[in-house]
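Under UniProt numbering, the first residue of the sequence shown is numbered 1, with each subsequent residue one higher.
For glycine and all other residues, C-beta sits at the position ideal for the given N, C-alpha and C.
These numbers come from a predicted model, not from an experiment.
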Amino acid sequence: MIAALDRPLSTVLRDCTAIAHSHSEKSPFMSCLTSGALNSAAVADYTAQLWFIYVVLEDGVREHSAGSRLGVFADSRLERVQALEQDLLGLIGPRWRDCVLPGRGTLAYVAHLRRLAEVGDETGLIAHHYVRYLGDLSGGQVLARVLRERYRIGPDGLNFYDFSRIGSRECYRSDYRCRLDLLELDEVDLSWLVSSANEAFEFTRGVLGDLAERHCVFSNRI
């Protein structure tokens with residue numbers, strides 16, 4: 001049975017994750033970072049945590065991209081791993097792989113994404129895909145400006161935020177939401193999609209919490 005919605009699915013998903021989204025945006029680490037109160041080491045650490053996450057997410061999406069649901073969203077132009085590796089090279093240097101470690105929150109997030117991929121949970125993967133990439137295409141662009149202006153990070157450390165391959169970000173976001181709206185989900189899958197998206201924000205809060213513990217004590221330094 002297909003769930004009957006009185007609003008587009010993209011609107012339901014946005015509204016049902018609004019609180020979790022706000023909590024992530026207002027986390028202590030993001031507040032410190034966007035205020036310009038941290039340093040380049042914090043930026044590099046944040047970038048490294050993203051790398052651990054996107055490696056697993058993108059592996060899972062590629063593995064199941066032939067699926068009838070996930071295939072609608074899988075798009076190699078969105079993939080961020082190579083861009084993150086270029087950024088880590090610019091932020092840390094050629095031996096960056098020897099210098100980065102996943103935090104507790106990152107390990108939990110990565111383990112969850114691996115489980116979704118292992119069982120072929122396309123709906124769960126779509127939820128994480130939605131949270132990560134639509135965030136990168138919107139709020140991520142604001143963060144890129146902060147890193148450029150307040151931390152003097154050059155282009156060699158901001159590849160992650162460059163989505164020039166997709167053309168207009170606004171048009172892409174609109175098209176992505178249209179694809180969401182065309183999904184045919186029963187009530188169980190709809191509930192799982194929403195809860196998984198909220199879970200993605202909660203995992204993100206765990207990652208940011210670890211980063212706050214490591215870096216926000218240096219909030220008086222740039």
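Exercise. Return yes when the Cβ of residue 124 is within less than 8 Å of the Cβ of residue 116, no when it is not.
Key: Working through the sequence shown from its first residue, we reach residue 116 at position 116. Working through the sequence shown from its first residue, we reach residue 124 at position 124. Taking 8 Å as the Cβ cut-off, residue 116 and residue 124 qualify as a contacting pair.
Self-check item: Residue range of the alpha helix (DSSP H) that includes residue 156
Solution: As a position in the sequence shown, residue 156 is number 156, starting the count at 1. Residue 156 -> no alpha helix (DSSP H), and no H or E assigned at all.
Quiz item: Rounded to a whole number of angstroms, what is the C-alpha to C-alpha distance between residue 114 and residue 56?
Solution: For this step, residue 114 is matched to residue 114 along the sequence shown. For this step, residue 56 is matched to residue 56 along the sequence shown. Using only the alpha carbons, I get a separation of about 7 Å.
Self-check item: Other residues of its chain near residue 220: CB distance less than 8 Å, five sequence neighbours each side excluded
Solution: Here residue 220 refers to the residue found at position 220 when the sequence shown is read from its first residue. The pLDDT assigned to residue 220 is 42, lower than 50, so where the model puts this residue is not dependable; a value taken from the coordinates is nonetheless given after this. Same-chain partners within the cutoff: 37.
Quiz item: Can you check whether the CB of residue 206 is closer than 8 Å to the CB of residue 109?
Solution: Within the sequence shown, numbered from 1, the residue matching residue 109 stands at position 109. Within the sequence shown, numbered from 1, the residue matching residue 206 stands at position 206. Yes, the pair counts as a contact, with Cβ atoms nearer than the cut-off.
Quiz item: By the 10 Å Cβ neighbour count, where 16 or more other Cβ atoms means buried, how is residue 222 classified, buried or exposed?
Solution: If you number the sequence shown from 1, residue 222 lands on position 222. Confidence at residue 222 is low in this model, with a pLDDT of 36, below 50, so its placement is unreliable and the value that follows should be read with caution. Under this definition residue 222 is an exposed residue.
Quiz item: For residue 180 versus residue 10, is the C-beta distance shorter than 8 Å?
Solution: As a working mapping, residue 180 is identified with position 180 in the sequence shown. As a working mapping, residue 10 is identified with position 10 in the sequence shown. For residue 180 and residue 10, yes; Cβs fall inside 8 Å.
Quiz prompt | Cα-Cα separation between residue 46 and residue 84, rounded to whole angstroms | solution = If you number the sequence shown from 1, residue 46 lands on position 46. If you number the sequence shown from 1, residue 84 lands on position 84. Cα-Cα distance, rounded: 11 Å.
Self-check item: Coarse secondary structure for residue 63, derived from DSSP in three states
Solution: Taking the first residue of the sequence shown as 1, we reach residue 63 at position 63. In this structure, residue 63 counts as helix in the three-state DSSP scheme.
Quiz item: Using the rule of at least 16 other Cβ atoms within 10 Å of the residue's Cβ for burial, across every protein chain shown, is residue 18 buried or exposed?
Solution: Sequence index remark: in the sequence shown, residue 18 carries index 18 (1-based). When all chains shown are included, residue 18 counts as exposed.
Self-check item: Cβ distance (whole Å) where residue 44 is taken to contact residue 88 below 8 Å
Solution: The residue labelled residue 44 in the question sits at position 44 within the sequence shown. The residue labelled residue 88 in the question sits at position 88 within the sequence shown. Their Cβ separation, rounded to whole angstroms, is 7 Å, which keeps residue 44 and residue 88 in contact under 8 Å.
Practice problem: Going by CA-CA distance only, name the one from 203, 139, 150 that's closest to residue 170. | Solution: Taking the first residue of the sequence shown as 1, we reach residue 170 at position 170. For residue 170, the nearest C-alpha among the options comes from 139.
Quiz item: Taking the alpha carbon of residue 167 as the point to measure from, which residue in 153, 154, 137 has its own alpha carbon closest?
Solution: What you label residue 167 is simply residue 167 of the sequence shown in a count that begins at 1. Comparing Cα positions, the closest option is 137.
Quiz item: By how many angstroms is the C-alpha of residue 15 removed from the C-alpha of residue 150?
Solution: Translated into positions along the sequence shown, residue 150 becomes position 150. Translated into positions along the sequence shown, residue 15 becomes position 15. Cα to Cα, the separation comes out at about 32 Å.
Quiz item: Between residue 27 and residue 127, is the Cβ-Cβ spacing less than 8 Å?
Solution: In the sequence shown, the residue the question calls residue 27 occupies position 27. In the sequence shown, the residue the question calls residue 127 occupies position 127. Going by C-beta atoms, residue 27 is not nearer than 8 Å to residue 127.
Exercise. Kindly give me the distance between the Cβ atoms of residue 93 and residue 157, rounded to whole angstroms, as I take these residues to be in contact under 8 Å.
Key: What you label residue 93 is simply residue 93 of the sequence shown in a count that begins at 1. What you label residue 157 is simply residue 157 of the sequence shown in a count that begins at 1. Rounded, the Cβ-Cβ distance is 12 Å, inconsistent with contact.
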